[in-house]
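*Asks:* Pasting in a structure now, in structure tokens, and then I'll have a few things to ask.
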Amino acid sequence: MAKRNTYQEDETLEQEFNWSYYKRLGKYLKPYLRRLLVVLASILVANIAVIMGPYLTKVAIDSAIPNRDMGQLWLIAGIFLVTLIIAFFCMRYRIWAITEIGQDMLRDMRSDIFNHLQELPFSYFDSRPHGKILIRVVNYINTLSDLLSNGLINLISDLISLIVTLVFMFFIDWKLTLYSMVLLPILFIWAWVIKNKQRVAYQVLSNKQSNLNAYIHESIAGIKVTQGFAQEDNAAKRFADVSEEYRTTWMHAVKIQFALWPGVQNIAIMTTALIYFVGVNRIGVAVTTGTLIAFIGYINNFWNPVINIGNFYNSLITATAYLERIFETLDEKPEIEDAPDAFALPPIKGDVRFNDVSFKYEENGPMILQHVSFHATPGQSIALVGPTGAGKSTVINLLSRFYNVTDGEILIDGVNINQVTLKSLRQQMGVMLQDTFIFSGTILDNIRYGKLDATEEEVIAAAKVVRADDFIRHLKDGYHTELQERGSTLSAGQRQLIAFARTLLIDPRILILDEATAAIDTQTEILLQQGLNALLKGRTSFIIAHRLSTIQNADQIFVIDHGEIVERGSHATLMAEHGAYYDLYDAQYKMLQSM
Amino acid sequence: MNPYQWIWRYARRYKGKMWLAAILIIGNSLGIIVVPLLGGAIIDQVINQGHTERLPWMLAVMIGTTLVRTLMRYTYQILCERVGQNTLYDVRKDLFNKLQSLDFNFFNTVRTGDIMARMTGDMDAIRHFVSWVSYQVIECVLWFFTAVVVMSTISWPLMLALVAVTPLIGILTIKMSQAAHPVFFQIRQSFSRLNSMVEENISGNRVVKAFTQEPYEIQKFDKLNDDYKQRNMASAAVSRRYLPVLDFLASILTVIALLLGGYFVITKQMTLGDLVAFNGFLWMLNQPMRMSGWLINDMQRFSAATIKIRQMLGAKSQIPVNNADHYEKIHGTVEFRHVNFEYADDPTQPVLHDINFQVAPGQTMGILGETGSGKSTLMNLITRFYDPTSGEVLIDGKNAKDYPVRQLRDQVTIVMQDQFLFSDTIKDNINYGNRQADPGFIHAMADVADAEDFITDMPAGYDTVVGERGVGLSGGQKQRISLTRALVKDPAILILDDTTSALDMETEAKIQKELRRITADKTTFIIATRISSIRQADQIIVLQHGRIIERGTHDELLAKHGYYFDTYQKQLGALGVAPGEE
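Residue numbers (my numbering), protein chains in the order written: chain A, 1 to 595; chain B, 1 to 582.
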């Protein structure tokens, strides 16, 4: 069993700040680069139009009005209006285009992470609360939304104005320009200090968010237990704790984040003061009054984009904490993948061979299965019996390649299952798992989950075989009755019947039943068994059951204990051996006799 | 109540902080005005008039003002953020507590992912509103009125001419609000659907893989993912329609000021200096106008997000949680009198029909019946997960409805068919219902449930962390941990709903023997499909289609040659051959 993460426990944090995240982020931008360039062009046009404004005002105040030239004033107003109209259309275009680029990137990223999730093995899902996986696919990615749409565009447009302004400043007076750069190093140090602290703060915050999400998810999933044990108050207390941690971390993070702005603002004003001082006292510069005033004006133009870039920088650092988590998920190894030269498994005849198979979940973990070897010929039914936790379910999980064997090999029709595509392998296996999962949707949808193009008649036929037809017809909308996730409105037995029908509908070549009928009443079970026997002809099947009655007719029975096959043979031979199976049978028989 | 009044009921608890923030906002605004004025003074007095000796202190005031102003702004930003977080904390707490009190009917109809969306994404829209939008709105309003006042002292006709545009802006923002609201609601709904789908995919990952339906899942996801994008684009469409117009109108103020102001100057109704000063304050007027559209968007996002949250907060539980002043000890007599039950969404289909029985403290009742015959529902009526449609469930002679529900459940424990374990250590799972449980007692109960051995065999023993829902454990192990958990609670009434189905018969027999010993003074209900599980019960009922069709002890029922006898025969007959006879 792999090491598990719980809602109370933080996930590990990456220590190094990794610039490659941005490179990877850039990859998502690539398909939209052309559109982005068009948007940039529109911004450039809009910026020029907007820059015209103050100039036109200046002309009006400097010449048109003092000269009492109403005609020129009208002309200026007319030109002004034209620039506004240009800006208007640019803005219209930009709002749409930028949102689309941002949303497209988010969609691509979400899609990548979801697709990747589909390839991850059971162990990934088993080793952390589901709320923590969920938050990565939706919430974390949404936090990038602002950064990718407005943030990116503003950054570029700010960079442009910054450069333009700098050029102008140099043009007017290069010495004053150098003076206005004097304080920049302090700003860089300030930004660097904040970056380091902010990054860590947001990493911690993303963890706390994840914990909170995990706790909420689990609380909802386990609400019946909480209510059943009257533990609502305790749950509320725990929730308050997780929630409080989140709030505290949040406040800590924003306190750091918000500190950048006052720094920039103060350095800006000090720079202005410095220019006044230097200019007025003529320290190393000789400027006219007009130049000084104009220069001061440009300094404001210079700092506005710097402040904006500072804000962008802030959100970039924030986003990094989430990007890390997203890329971490994308980098998670699928473990169970098609081999590079994998081929599709041809239709299975049903010859199954385990050659000295051993299995453990992790490197240093305990052995779950040890040297299991057996051979099932096509059409045989194999029964696995033994105490719970002995490894019966593991045997069948390996057969579907939900886990890779640690040692040995599994052959189907003489082909090692590691050499074939997962899809071709699993598509031919009908696995009825211990816990039956019901999707939200109609009963019809649930039964045909494995074979989406099945007709209603096929679905009903499958339901009839497993004796589910009867109860389904009695439901409000029959086969079209809507079920909720996990089918909470059905009884456990009914869920098993639906899952059973689902398994049969795909017409599997190998059928695997893991305690498939435990919650089903005897009468229904017997009927089901009869229907099943007819279906099983010619198919290899594996059955795990505790009630020996259901497996007496199996062609081979394996008694599994502590990960090993301790006995094997048909019912008759095993009974004759007077071993573990005989004891099991004897005990059950005596128990029944004593009833 | 509108969304703003609603959120105010939460936020007003932090009025003190908000007042302080408001004062600081005003302080900051004054500071913003001071700096340009000082700049003007430097140009006039220092540069033009040559009072260079004044420069150092003027610069000092400039720097000092900015320092104070930025600190003020930083402080109120943090204050607003704090108020936002506090508000969020309270809303979230209320919602969580509400969820804890809602009944099964609610959870049967609402998807987990939907609730998750409310607790995460929707909450964030609220936070953004309280901690950011609120003070932006205040700032804007403040700018606007300051500008109006200052400008009217310079030239009130010019000011009036500019303000004349505001009704137009007002109309536009109202229209935009109306257009944006449904769009944002759609975004929230789409987000919720996406969330639900992913949540279900993660929960059902085993089935997805077993049936190799990854492509189908991806297809489902792509559809929702794209829908979410489209909904966001719909919002962009609204923005595209209104925001540029608002921006245009705001900018046109400059043109009007220039044209009309220029005319006033030319006709000598105003000096050029006044016009320059007037122009200097123009941004205070058009900035709020420019912002209005963006703020409307944020406000509508907030308003749309509150809808579902408030709906959930207002959901009525049919089984209200009332608090009791005193704790009533339950002895364990359970009586059903003419109990009928139907699910609210399907009243035509009786689930239980005219159920009558009585069980005395210390007795055990066995329940047998077909899949879906109403066995679990019957038990859910005792723990009041549902209330009967008609008839009465009496516990110690008192109607179950008259007990405070949590007090009742504290003494009636049910081991449910689908065992839910929390992702936590085995120990914390076991003492879930009784955190003060003595370790000795825990071990003793684990022994009874035959769980002690396999737990101590695990690498970390009782400290082993199990996955959510107990993934990684076998069905039988989960059942035994769940049973231990119920036993550690030490309830007066114990209900076992098919608790041993995944165990082999030997283990089951062992557990039953131990159970009988420790439940001697408890009322016990056992639902089972195997006769062996219930045959020693003091009374047994057989359910079929929601009715009791047979009742009695094991021997009495066998003598009846009915359903029970049939089942018995079949279970017995299945292993008809004695060992050694073949």
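C-beta atoms are modelled at their ideal positions from N, C-alpha and C, and glycine is treated no differently.
How about I531(B) and T507(B): do their beta carbons lie closer than 8 Å?
*Replies:* Cβ atoms of I531(B) and T507(B): not closer than 8 Å.
*Asks:* If we ignore side chains and look at the alpha-carbon of each, how far apart do Y403(A) and P121(A) end up?
*Replies:* Approximately 8 Å, taken between the alpha carbons.
*Asks:* For the segment 489-505 of chain B, which residues have a beta carbon sitting closer than 7 Å to at least one beta carbon of chain A?
*Replies:* Those would be K489, D498, S501, A502, L503, D504 and M505, in chain order.
*Asks:* When you compare the CB positions of A41(A) and V255(B), do they come within less than 8 Å of one another, or not?
*Replies:* In this structure, V255(B) does not lie closer than 8 Å to A41(A) by Cβ.
*Asks:* Let me confirm a value: E328(A) is counted as buried when at least 16 other C-beta atoms fall within 10 Å, else exposed. Which label applies?
*Replies:* Exposed, because fewer than 16 other Cβ atoms sit within 10 Å of the Cβ of E328(A).
*Asks:* Quick one: measure Cβ to Cβ for N286(B) and S239(B), integer angstroms, because I've assumed they're closer than 8 Å.
*Replies:* So it is not a contact: roughly 19 Å between Cβ atoms.
*Asks:* Check each candidate in L352(B), I63(B) and G362(B) and name the one with the smallest Cα separation from E392(B).
*Replies:* That would be L352(B), whose Cα lies nearest to the Cα of E392(B).
*Asks:* Counting pairs of beta carbons, one from the segment 136-147 of chain B and one from the segment 290-303 of chain B, are three or more of them closer than 8 Å?
*Replies:* Enough Cβ pairs lie closer than 8 Å, so yes.
*Asks:* Please list, in chain order, the chain A residues whose beta carbon lies closer than 7 Å to that of F454(B).
*Replies:* Per Cβ cutoff of 7 Å: G389.
*Asks:* Can you grab the Cα-Cα spacing for the pair Y140(A) / L29(A), in whole Å?
*Replies:* If you take the alpha carbons of Y140(A) and L29(A), they lie about 18 Å apart.
*Asks:* At a cut-off of 7 Å, is R69(B) close to the ligand FMN when judged by its beta-carbon and the heavy atoms of the ligand?
*Replies:* The ligand content of the structure shown is nil, which means the ligand FMN is not present either.
*Asks:* Looking at the structure shown, is S101(B) part of a helix, part of a strand, or coil, going by DSSP?
*Replies:* S101(B): helix per DSSP, three-state reduction.
*Asks:* Can you tell me the Cα-Cα spacing of A214(A) and M116(B), whole angstroms?
*Replies:* The straight-line gap from Cα to Cα measures roughly 10 Å.
*Asks:* If you measure from the beta carbon of M52(A) to each beta carbon in chain B, is any gap under 8 Å?
*Replies:* With 8 Å as the cut-off, M52(A) does not count as an interface residue toward chain B.
*Asks:* Using a Cβ-Cβ distance cut-off of 8 Å, determine whether V225(A) contacts chain B.
*Replies:* True, the Cβ-Cβ gap to chain B drops below 8 Å.
*Asks:* What do you get for E581(B), buried or exposed, if any count of 16 or more other CB atoms within 10 angstroms of its CB means buried?
*Replies:* Residue confidence is low: E581(B) scores 49 on pLDDT, short of 50, so the model does not pin down where it sits. Its coordinate-derived value is still stated next. Under this definition E581(B) is an exposed residue.
*Asks:* Keeping to the same chain, check which residues put their C-beta closer than 6 Å to that of F542(A); ignore five residues upstream and five downstream.
*Replies:* Here the set comprises I382, I396 and I512.
*Asks:* Would you decide whether A60(B) is buried or exposed? Buried here means 16 or more other CB atoms lie within 10 Å of its CB.
*Replies:* Exposed, because fewer than 16 other Cβ atoms sit within 10 Å of the Cβ of A60(B).
*Asks:* When Cβ atoms are compared, which residues of the segment 198-221 of chain B fall closer than 9 Å to chain A?
*Replies:* Listed by position, the residues of the segment 198-221 of chain B near chain A (Cβ gap below 9 Å) are V198, E199, E200, N201, I202, S203, G204, N205, R206, V207, V208, K209, A210, F211, T212, Q213, E214, P215, Y216, E217, I218 and F221.
*Asks:* In angstroms, rounded to a whole number, what distance separates the CA positions of Q209(A) and E363(A)?
*Replies:* If you take the alpha carbons of Q209(A) and E363(A), they lie about 31 Å apart.
*Asks:* Does the beta-carbon distance from L249(B) to L158(B) come in below 8 Å?
*Replies:* Contact flag unset, no.
*Asks:* With a threshold of 8 Å, are at least 3 pairs of Cβ atoms found where one atom belongs to the segment 115-130 of chain B and the other to the segment 191-198 of chain B?
*Replies:* Yes, the segment 115-130 of chain B is in contact with the segment 191-198 of chain B.
*Asks:* Consult DSSP for E581(B) and reduce its assignment to one of helix, strand or coil.
*Replies:* Here the model assigns E581(B) a pLDDT of 49, short of 50, so the residue's position is not dependable and the matter cannot be decided.
*Asks:* T484(B) by DSSP, collapsed to three states: which one?
*Replies:* Helix at T484(B).
*Asks:* Based on the DSSP output, what are the partners of S358(A) in its beta bridges?
*Replies:* Bridge partners of S358(A): D407(A).
*Asks:* What residues in its chain sit with their C-beta under 7 Å from that of A360(B), if we drop five residues either side in the sequence?
*Replies:* Cβ neighbours of A360(B) beyond the five flanking positions: T333.
*Asks:* Note down the Cα distance separating Y361(A) from T70(B), rounded to an integer number of angstroms.
*Replies:* The straight-line gap from Cα to Cα measures roughly 57 Å.
*Asks:* Taking buried to mean at least 16 other C-beta atoms within 10 Å of its own C-beta, is A253(A) buried or exposed?
*Replies:* A253(A) should be labelled buried.
*Asks:* Among M1(B), N431(B) and I455(B), which has the Cα closest to the Cα of T388(A)?
*Replies:* Checking every option, the nearest Cα to that of T388(A) belongs to I455(B).
*Asks:* I need the boundaries of the alpha helix (DSSP H) containing I220(A), first residue and last residue.
*Replies:* Segment L184 to A221, the alpha helix (DSSP H) holding I220(A).
*Asks:* Any contact between the segment 114-128 of chain A and the segment 463-477 of chain B? By contact I mean 3 or more CB pairs, one from each, below 8 Å.
*Replies:* Touching, per the Cβ criterion.
*Asks:* Compare the beta carbon distance of L539(A) and I510(A) with 8 Å and say whether it is the shorter of the two.
*Replies:* First, the amino acid is wrong: residue 539(A) is Arg here, not Leu. Yes, they are a contact pair.
*Asks:* For the candidate residues V149(B), L142(B) and T212(B), whose alpha-carbon lies nearest to that of M289(B)?
*Replies:* Looking at the Cα atoms, L142(B) is the closest of the given residues.
*Asks:* Between the segment 17-34 of chain B and the segment 269-289 of chain A, are three or more C-beta pairs nearer than 8 Å?
*Replies:* Because the criterion of three Cβ pairs below 8 Å is not met, the segment 17-34 of chain B and the segment 269-289 of chain A do not touch.
*Asks:* Please name the residue or residues paired with V431(A) in a DSSP beta bridge.
*Replies:* DSSP, once it has assigned bridges, lists I512(A) as partnering V431(A).
*Asks:* Along the chain, where does the beta strand (DSSP E) that runs through F558(A) open and close?
*Replies:* Its beta strand (DSSP E) spans residues Q556 to D561.
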